[in-house]
Amino acid sequence: MRHERGLSSKARQWKRADIDRLCELWNKGAKTADIASRLGRSVKAVYVQIARQTKAGRAFPRAVHATEDDLLGRTFGMRTIIAATVPGAGRTAMWLTQCQCGAEHAVPGDKIMTGHRLACKACSNRDKGKRRIIANERKKQQKKFLSFAEIRARDRQIAARHAAAEAAFV
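Here the UniProt record's numbering is used: the first residue of the sequence shown is 1, the next is one more, and so on.
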């Protein structure tokens, strides 16, 4: 059947023009099934190629395709989206954000949506300090190894409590 359709046993190779068209349609927000039918490919082949092109930076992750009206005023971590800005060098959607500390920065949309840049450097460093303090407190609270004398003293206390409980019971 493949032979009748002109396909070899291997998957059909992607031409540069097909990849360009695929990225163009995907970046405009076309559905995967529509792209597959336009290019004469299977939906699975389109998904695989989109994953490759997303890693290469030619196709946007889907989270970036949210409209400006959907994102304005939304808060991600400590950042609130204020406005859309001009796309960066990799044609990634850029958003002007304001951190809770008041600093404003242009941040790539995919970094915000995936949770990689939820605070400015000053705030994230401050959080690192807090996390370090909490980690140190947890380490102090962890059980340490007891010496033989400490084990004997603990056992004596437990035995004394048991003796007192038995005396109260009788």
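Beta carbons: idealized from backbone N, C-alpha and C, even for Gly.
Bear in mind that the values here come from a model prediction, so they are computed numbers and not experimental data.
- A check of alpha carbon separations from Phe148 across Arg156, Gln142, Ala106 identifies Arg156 as the nearest.
- Each residue's CA atom was taken as its position, placing Thr85 and Ala103 some 16 Å apart.
- Straight through space, the alpha carbons of Val107 and Lys121 are spaced by roughly 12 Å.
- Ranking Gly129, Arg154, Arg41, Met113 by CA distance to the CA of Phe60 puts Met113 first.
- Note: Glu104 is bridge-paired with Gln98 in the DSSP secondary-structure output.
- Thr92 is not a Cβ neighbour of Thr80, given a cutoff of 8 Å.
- Residue range 148–169 is occupied by the alpha helix (DSSP H) that includes Ala167.
- By the 16-neighbour rule on beta-carbons within 10 angstroms, Val46 is buried.
- Under the DSSP definition of a beta bridge, Thr75 partners with Thr80.
- In terms of CA proximity to Gly77, Cys99 leads the group Trp26, Cys99, Asp18, Ile35.
- The secondary-structure analysis by DSSP pairs Thr85 across a beta bridge with Met94.
- Residues Leu22, Leu25, Trp26, Val46 of the same chain have their beta carbon placed closer than 7 Å to that of Ile35, with the five preceding and five following residues left out of the count.
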